[in-house]
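If you're matching positions, the sequence shown starts at 29 in the numbering used here and goes up one per residue. No residue lacks a Cβ here, since even glycine has one placed at the ideal position from N, Cα and C.
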Amino acid sequence: MSERRAIVVGAGIGGLTAALALARKGMHVTVVEQAAQLGEVGAGIQLSPNATRVLFALGLEPALAGLAFRPEAVEVRTWKRGGMLSRVPLGDAVAARFGAPYFHMHRADLIAELAEAVAHEARIEVRLGAACARCESRERGAEMTLASGERLAADLLVGADGIRSAVREALFGPERARFTGNVAWRGLVPATALASADVRPVAGLWMGPGAHFVHYYVRGGALLNFVGIVERSDWHDESWTARGEKRDLLRDFSGWHPTVRAMVESAPEDGCFRWALFDRDPLPQWSRGAATLLGDACHATLPFMAQGACMAIEDAAVLAECVGTAPSAAIPVALARYESLRRTRTAGIQLGSRRNARLYHMRAPASWLRNLGIRAGPGLAGQMQALFGYDAFAAAHA
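Written out as structure tokens, the structure reads:
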């Protein structure tokens, strides 16, 4: 069989993971990234066992274990009084049950380790400062033209280029997104600034009327990452590198529990970012000929299940397993199988995240019934097997 080549558009978490996984299957991969350097904005990420299982299989366990924070549990609380609604152990309990840990990480750390692994893989070339101008897919092979005019050809083209995917638009036209009426705040706070606050070593979720707040430690506990979601209609910028005013953050969480207030009050003045949340329906089709999509390019997900990056990592593993050693002529069939294996699961995460947006923001009296249900029901513990027990490698060969 002749040497097979792939082009991966986008050097984010999903794109780099896909490049590694495809290279391990013997493909020569060119990663095309429009940014001039590899990197990631300063934000946290939650990696549940369904994702760490894939990353460990690609050889990243030693590096990630030294950079991650292992939360003791997920704790769900009420916004004002801090009453505990649910506590689900993570830590050693999850690692023992699922064979892989639950990690909290700084996104930049994960990108750096993926980039390091890619740099040591002889079959991968990374092209930085190379924007995709257009692409074409045929039943046998695909071609991409860079903004510079250079043309690249390959047996497989993977669009891992995020929410505003150029590959998706070239294949299927522009995507329609709906503003949810929610705006997300994020920030990183040095743990030393919170020494007197009761910020527990957990993934914390506080639910309030028209808003919720999530926090967890990263970088071995040196930094605290927070994300606060509020219902607002006065901000429509989807970029999460846009700065917001700290006074607006403080206003949005006025009256919340002192622990939440301590976190937002400790945020650096120049380190408060906010972005508008847009919702997208599951796409009916991801692949065309020898081209397909991955991660946010095909199933951008609201951040209410902490599974967005995990889904992209799973995609990468399943894609590589489906392509396997398939000759060029068989790649469209392999992509059809990849899509069929992934579409139901990722659509379920998209729709589940949409439901959680409503659940987390309930107002009284509906929130009283919600709280009773959470206290009485299995909550995350009941979802763990379906979420964390998923083995992308096994699923591809089922």
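- Nearest to residue 204 by C-alpha distance, out of 309, 162, 302, is 309.
- In the structure shown, the three-state DSSP call for residue 401 is helix.
- Where residue 74 is concerned, there is no enclosing alpha helix (DSSP H), although the beta strand (DSSP E) around it starts and stops at 72 to 75.
- Take the alpha-carbon of residue 185 and the one of residue 160: they are about 12 Å apart.
- Residue 114 is bridged by DSSP to 104.
- At the C-beta level, residue 409 and residue 116 come within 8 Å of one another.
- Contact check for residue 366 against residue 347 passes: the beta carbons are separated by less than 8 Å.
- By the Cβ test, the segment 121 to 129 is not in contact with the segment 146 to 164, since fewer than three Cβ pairs between them sit closer than 8 Å.
- Measuring C-alpha to C-alpha distances from residue 222 to each of 332, 152, 253, 155 identifies 253 as the nearest.
- Secondary structure in the segment 177 to 222: the alpha helix (DSSP H) runs of 4 residues or longer, each lying completely within the stretch, are 194 to 200 in chain order.
- Secondary structure note for residue 367: its alpha helix (DSSP H) is the uninterrupted segment 359 to 388.
- It is roughly 52 Å from the alpha-carbon of residue 182 to the alpha-carbon of residue 107.
- Residue 172 has its alpha-carbon roughly 43 Å from the corresponding atom of residue 99.
- Residue 51 and residue 246 have their C-alpha atoms some 30 Å from each other.
- If you ignore the 5 residues before and after residue 156, its C-beta comes within less than 8 Å of the C-beta of 39, 61, 63, 64, 65, 66, all in its own chain and listed in chain order.
- In the three-state reduction of the DSSP assignment, residue 421 falls in the helix class, which pools H, G and I.
- In the DSSP assignment, residue 153 forms a beta bridge with 58.
- Here residue 418 has 78 as same chain residues with Cβ atoms under 6 Å from its own Cβ, once five neighbours each way along the sequence are excluded.
- With respect to the 8 Å criterion, residue 341 and residue 83 are classified as neighbours on the basis of their beta carbons.
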